[in-house]
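Chains as they are written, first to last, in the working numbering: chain A, 1 to 265; chain B, 1001 to 1265.
The beta-carbon is built from N, C-alpha and C at its ideal position, and this holds for glycine as well.
Note that the coordinates shown come from a computational prediction; the quantities given were computed from them, not determined experimentally.
2 protein chains.
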Amino acid sequence: MTPSPLILITNDDGYQAAGIQALARAVASFAEVYVVAPDGPRSGAAASITCTTPVSYSSLDKTLSPWREMKGGFYASSGTPVDCVKLALEQIVPRKPDLILSGINHGDNASVSVHYSGTMGAVYEGCMKEIPSIGVSLYLQRGQRYEDNPVSDDTLTAIAALCRRVLEQGLPQDVCLNINLPVAHKFRGWQVCRQARGQWSAEWVTATHPFGQRAFWLTGQFTDLEPEANDTDFAALRAGYCSIVPVTVDTTAHAAIRTIQNLIS
Amino acid sequence: MTPSPLILITNDDGYQAAGIQALARAVASFAEVYVVAPDGPRSGAAASITCTTPVSYSSLDKTLSPWREMKGGFYASSGTPVDCVKLALEQIVPRKPDLILSGINHGDNASVSVHYSGTMGAVYEGCMKEIPSIGVSLYLQRGQRYEDNPVSDDTLTAIAALCRRVLEQGLPQDVCLNINLPVAHKFRGWQVCRQARGQWSAEWVTATHPFGQRAFWLTGQFTDLEPEANDTDFAALRAGYCSIVPVTVDTTAHAAIRTIQNLIS
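What follows is the structure, given as C-alpha cells:
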C-alpha cells in the first residue's frame, strides 16, 4: 500500500484563521496533514526569520482543534511563517514533506504584494528546501472578511486536484506557485500568468498616541500599472479566474547582466 | 548649478551600525544624504512590513551623530527596513531620492540569503518605487565582526564611483543591485554575476529557558550547491572580487509558464 503523502501546511494569519482550516480540509482526504503555523497574525512577514531571539512551538490540543478528525500533527509557533517551515522540517515532521501549502491567506498576494507576503515567504522556504510548494491567497476588497466570503467548495476541490497533480509530477527546479483566488461562488478555472507590474502609494495614516506622539499606520492604495494586459495575475482575477504565477527563487535579472557589465566598464 | 543628488540610505543593522556609517561617508562628498534606518537590529527582516501596530520615527541629534558633518537629514524608526523606505518617501525626504542605498550589511546576502535579507528588502522597496536602488553587504565568516574587518577605503571609493554611474545612467526597469564584498585590504574589482544556488541546513540549536521550556535559536550551515560554477556571486567572493547581482522584482518564472499550463491541463 502506498503511504499517504505528507503535506505540511502553514500560513501568515495564524493557526486559528479560517483560511488555513479550509486548506487543511481540502487535502485531508488523501494526505497526512501537519499544520505548523504562527500562533497569531504575521501579515506582512515576507520571508523574515527570527534572528535575535529564540522561538518556540507547542502542540495544539487536537480535541479542541478544527483538525480533530484529521490524520497528522498540529502545532503553533511563536515564529514567522519561514520559522514555522524551518522548525517543521528539522524538529517536527516524521519525514520530508511531499508538498508544502501556505494559506489560504485572507487577502491577495498578487503583483508586487508577493514581496511582503508571509504566505509566500513560507513557500519560498519550501522551494529552497527542494519541496514542491504552493501559496494560496484570497483577493478580498478592503473591508471584506474571509469569513463572509469563504472559498467555494468547488474551488477547494480544484485546489486539491492541483495538489495531486503536483504530487505526481513535481514542479520545475527552483519554481513554486503563487495562487490567488477571486471571491466567487463558483470556480471558473485556472489561468497561468505572470506577476503584474504594480505600485503601492498613499501608504501612511498618521495616528496620535494618547500621550501626544505621532505614529504611523501602514495602509495604502494599490495601482495595477498594466491595466490593459491580459496575461497578468490581476487580469485573471478581474476576469473571475484563479491565477497561478510560477515563481522562481532565483532573483537574478539574467537579461540585465550585460547592461550592468557595460555600466561598470 | 546642478543640485546635489539626494541619496536615501537605510540598512537592517540599525542606524548605529558601522556599515551604514561607512556607506554614508562614501557618498557624502557628492550627495545630500538622508539616513532613515531602524532604531536597532532587524537582521532577517526580509521585505517585511509592520501591519498590525503603528510605527514611529524620530530625528537623530545631529551633533551627536556620526553624520554631523554631512548635508542632509538623519532619522531612526521603530519599523522594518521596508517601513523605513516607505516612511522616508512619504514623510521625510524633501523630494524623490535619486538613489537608495542599503547597508553596508554586517554579513553577506549572497545566494539564497537574499530572500531573508532586510538589507535587500529595502532595496526591493526602492526598486518597486522606480528609484535606482543598491544593497551592499560584507561577507563575514562566523565570528568575524565588521568593526575588525572594515571595508577598505578603495572599496568604498569604488562603491561611490558605481553610485555615480547609476545616478548618471539609471538601472533597467524593475532591476536593482545586490552587491556583496569580500573581506579584503584592497579592492580587486567587480564581477557581475548570478545568484548561486544554495541551501541552509542544521538551522536550529535547542536552548532551555530558565523555567525549563525548550526554545530554538536560528543558526545554520550554508552549502553552495554550485561550488564549480564561475559565474555566481559566491564564486566571485571566493576569488576575492566584489559581486554584483542584478536582481529583478518580477518573481515570475517565465520559462516555467508552459510547464505549469501543461500541468493543469
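Residue range of the beta strand (DSSP E) that includes residue i
i	result
residue 1224(B)	1221 to 1224
residue 252(A)	It is not in any beta strand (DSSP E) - residue 252(A) carries neither H nor E in the DSSP assignment.
residue 1178(B)	1175 to 1182
residue 74(A)	72 to 77
residue 1190(B)	1190 to 1192
residue 1034(B)	1032 to 1038
residue 1008(B)	1006 to 1010
residue 1052(B)	Element bounds for residue 1052(B): n/a, residue is neither H nor E.
Selection from the options that minimises the alpha carbon distance to residue i
i	options	result
residue 5(A)	234(A), 166(A), 114(A)	166(A)
residue 28(A)	37(A), 15(A), 9(A)	9(A)
residue 113(A)	201(A), 257(A), 156(A), 258(A)	201(A)
residue 1030(B)	1169(B), 1015(B), 1071(B), 1012(B)	1071(B)
residue 1051(B)	250(A), 240(A), 138(A), 220(A)	220(A)
residue 1261(B)	118(A), 262(A), 206(A), 245(A)	245(A)
residue 1133(B)	1171(B), 1116(B), 1055(B), 1151(B)	1171(B)
residue 1218(B)	65(A), 252(A), 48(A), 110(A)	48(A)
residue 1259(B)	53(A), 209(A), 192(A), 240(A)	192(A)
residue 1183(B)	1203(B), 1224(B), 1138(B), 1213(B)	1138(B)
residue 1240(B)	1223(B), 1155(B), 1007(B)	1155(B)
residue 1080(B)	1228(B), 1157(B), 1116(B)	1116(B)
Where residue i falls: helix, strand or coil (DSSP)
i	result
residue 262(A)	helix
residue 1047(B)	coil
residue 167(A)	helix
residue 1116(B)	helix
residue 125(A)	helix
residue 1234(B)	helix
residue 1228(B)	coil
residue 213(A)	coil
residue 199(A)	strand
residue 59(A)	strand
residue 1069(B)	coil
residue 1162(B)	helix
residue 140(A)	coil
residue 1207(B)	strand
residue 1152(B)	coil
Residue i: first and last residue of the uninterrupted alpha helix (DSSP H) it sits in
i	result
residue 1097(B)	Unbroken run through residue 1097(B): none, as it is neither H nor E.
residue 131(A)	Unbroken run through residue 131(A): none, as it is neither H nor E.
residue 1084(B)	1081 to 1087
residue 1023(B)	1018 to 1027
Partner residues on chain A for residue i, Cβ-Cβ distance less than 7 Å
i	result
residue 1250(B)	195
residue 1121(B)	46
residue 1175(B)	253, 256
residue 1156(B)	The premise fails here: residue 1156(B) is roughly 16 Å from chain A at the closest Cβ pair, so nothing lies under 7 Å.
Chain-ordered chain A contacts of residue i [CB-CB under 8 Å]
i	result
residue 1050(B)	44, 218
residue 1169(B)	263
residue 1124(B)	115
Contact test: residue i Cβ vs the ligand ZN heavy atom, cutoff 6 Å
i	result
residue 1073(B)	Judged by which ligands are present, the structure shown has none, so any question about the ligand ZN falls away.
Residue i: contacting residues in chain B (beta-carbon distance under 8 Å)
i	result
residue 214(A)	1056
residue 221(A)	Neighbours of residue 221(A) on chain B: none; closest Cβ ~12 Å, over 8 Å.
residue 116(A)	1047, 1048, 1049, 1082
residue 244(A)	1260, 1264
residue 226(A)	The contacting residues do not exist; residue 226(A) stays about 11 Å from chain B at best.
residue 71(A)	Ordered by position in chain B, no residue passes the 8 Å Cβ test against residue 71(A), which lies about 25 Å from the chain.
Chain-ordered chain B contacts of residue i [CB-CB under 7 Å]
i	result
residue 41(A)	1052
residue 259(A)	1172
residue 241(A)	Near residue 241(A) there are no residues of chain B at all, since even the closest Cβ is about 12 Å away, more than 7 Å.
Proximal chain A residues relative to residue i, where beta-carbon distance stays under 9 Å
i	result
residue 1104(B)	Result: empty, since nearest Cβ-Cβ is about 18 Å, beyond 9 Å.
residue 1020(B)	By Cβ distance, chain A contributes nothing, its closest Cβ being about 18 Å from residue 1020(B), past 9 Å.
Proximal residues of chain B, C-beta to C-beta of residue i below 9 Å
i	result
residue 165(A)	1263, 1264
residue 16(A)	Near residue 16(A) there are no residues of chain B at all, since even the closest Cβ is about 15 Å away, more than 9 Å.
residue 162(A)	1263, 1264
Touching or not, the stretch 140 to 152 of chain A and the stretch 99 to 111 of chain A, by the rule of three or more beta carbon pairs under 8 Å? Judged by pairs of C-beta atoms under 8 Å, the stretch 140 to 152 of chain A touches the stretch 99 to 111 of chain A, as three or more such pairs exist.
Whether or not the stretch 1193 to 1206 of chain B and the stretch 1223 to 1234 of chain B are in contact is what I'm after, with contact meaning three or more pairs of Cβ atoms, one per stretch, closer than 8 Å; do they touch? Short answer: they touch.
Cβ contact (3+ pairs, closer than 8 Å) linking the stretch 1033 to 1043 of chain B and the stretch 1078 to 1097 of chain B: Three or more pairs of CB atoms, one per stretch, sit closer than 8 Å, so the stretch 1033 to 1043 of chain B contacts the stretch 1078 to 1097 of chain B.
Any contact between the stretch 187 to 194 of chain A and the stretch 49 to 60 of chain A? By contact I mean 3 or more CB pairs, one from each, below 8 Å. Segment contact: the stretch 187 to 194 of chain A against the stretch 49 to 60 of chain A, fewer than three CB-CB distances shorter than 8 Å; contact not assigned.
At a cut of 8 Å, does the stretch 1165 to 1179 of chain B reach the stretch 1035 to 1054 of chain B through at least three beta carbon pairs? With a cut-off of 8 Å, the stretch 1035 to 1054 of chain B and the stretch 1165 to 1179 of chain B do not count as touching, because too few Cβ pairs lie within range.
Determine, using beta-carbon pairs with one atom in the stretch 74 to 85 of chain A and one in the stretch 150 to 169 of chain A, whether at least three such pairs fall under 8 Å. Contact fails: fewer than three Cβ-Cβ distances are below 8 Å.
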